[in-house]
């Protein structure tokens, strides 16, 4: 059953410890959360609730354009303004005791929606490449800390949408290389293909593989990414973490909430602070040592985001 808006508000305003054991809280992190200052809580309120439960680091990722204004944008200056809104929202979340990184991107669904609306494929490609250059400049200027999420659709699309998305992905990877920006990727999750294709892209472009994250990975794709020296994020839910850690270990692994900050869909995908609750529960149950939790939630974060 979906939570009501009032339940959403109460849980956001006053997250509470579930047990006395949680008084000794593990520091935890979220490598991929969204924030929406126009329609949702916004980064500062998320950050405050997150920090109250022991969160020490969160990366805020820009949402698709229609999540702010209701329509997909096909205007470079308008998109630039959205990036500025997101950047400002991230800055306001930098409260004492919390590290924040800000990523802005061009979700592959933007391409699909533009094509479906009747836009010319060549113009959509040109628009995508212009946004890549714009985001690279924003990263160099310190307005954002990285580029993401960008990549490929994970659902069936028209052939030209898929081709444009791949061309755009290569452009974003090239810009990330030239500007030395970390890159968060939204991709299909196909064992035997996804991680291998990103390794090929990294080698083709000359991108540093320790600057790339495959976001919201499945266990199999996360394992294949690790084997290729590529980072991945997985959803920080307890029921996913136990089999994940047995299958692929702790290296090159980050946890995420993929929270979308939409009051109409409260708690989707999960709240950022649920990551800490999952880790604490696993430590209490002996399924994870405190050192292992620290490796995932602190050491790995420092290695990727603060190198």
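Numbering (this note's numbering), first residue to last: 756 to 1062. All C-beta atoms in this analysis are idealised placements derived from N, C-alpha and C, irrespective of residue type, glycine included.
Next on the checklist: Less than 6 Å between C-beta atoms, sequence neighbours within five positions excluded: which residues of the same chain meet that for residue 885?
Outcome noted: 831
Checklist entry - Which stretch, first to last residue, makes up the alpha helix (DSSP H) that contains residue 821? => result 821–824
Checklist entry - Should residue 866 be labelled buried (16 or more other beta-carbon atoms within 10 Å of its own) or exposed? => result buried
Checklist entry - Helix or strand or just coil, what does DSSP make of residue 991? => result coil
Item to check | Cut-off 7 Å between Cβ atoms - residues of its own chain near residue 1047, not counting five sequence neighbours on either side | outcome: 1005
Checklist entry - By Cβ distance below 8 Å, which residues in the same chain neighbour residue 776 in space, the five residues on each side in sequence not counted? => result Any reading at residue 776 needs caution, since the residue's pLDDT is 43, under 50, leaving its predicted position unreliable; the model's value is listed next. Answer for residue 776: 1035, 1039, listed in chain order.
Item to check | Presumed contact (8 Å Cβ cut-off) between residue 829 and residue 784, rounded CB distance | outcome: With 8 Å as the limit, residue 829 and residue 784 do not qualify as a contact, their Cβ atoms being about 35 Å apart.
Checklist entry - Straight-line CA distance for residue 825 to residue 795? => result 13 Å
Checklist entry - Between 892, 946, 887, which lies nearest to residue 925 when the distance is taken from Cα to Cα? => result 887
Next on the checklist: If I measure Cβ to Cβ from residue 849 and keep anything under 7 Å in the same chain, skipping five residues before and after, which residues do I get?
Outcome noted: 855
Checklist entry - At which residues does the beta strand (DSSP E) containing residue 935 begin and terminate? => result That residue, residue 935, is in no beta strand (DSSP E); it is neither H nor E in DSSP.
Checklist entry - Quick one: what's residue 857 bridged to in DSSP? => result 815
Checklist entry - Under the three-state reduction of DSSP, which class applies to residue 786: helix, strand or coil? => result strand
Item to check | Environment of residue 968 [buried if 16+ CB atoms lie within 10 Å] | outcome: buried
Item to check | Inter-residue spacing [alpha-carbon to alpha-carbon] between residue 781 and residue 1049 | outcome: 8 Å
Checklist entry - Should residue 860 be labelled buried (16 or more other beta-carbon atoms within 10 Å of its own) or exposed? => result buried
Checklist entry - Looking only at C-alpha atoms, which of 962, 959, 992 sits nearest to residue 973? => result 992
Checklist entry - Smallest Cα separation from residue 880: which of 975, 902, 840, 921? => result 921
Checklist entry - Among 857, 797, 803, which has the Cα closest to the Cα of residue 1028? => result 803
Checklist entry - When burial is assigned at 16 or more other CB atoms within 10 Å of the CB, is residue 768 buried or exposed? => result In this prediction, residue 768 scores a pLDDT of 45, lower than 50, which makes its location untrustworthy; no coordinate-derived value is stated.
Next on the checklist: What would DSSP say about residue 967, mapped onto helix, strand or coil?
Outcome noted: strand
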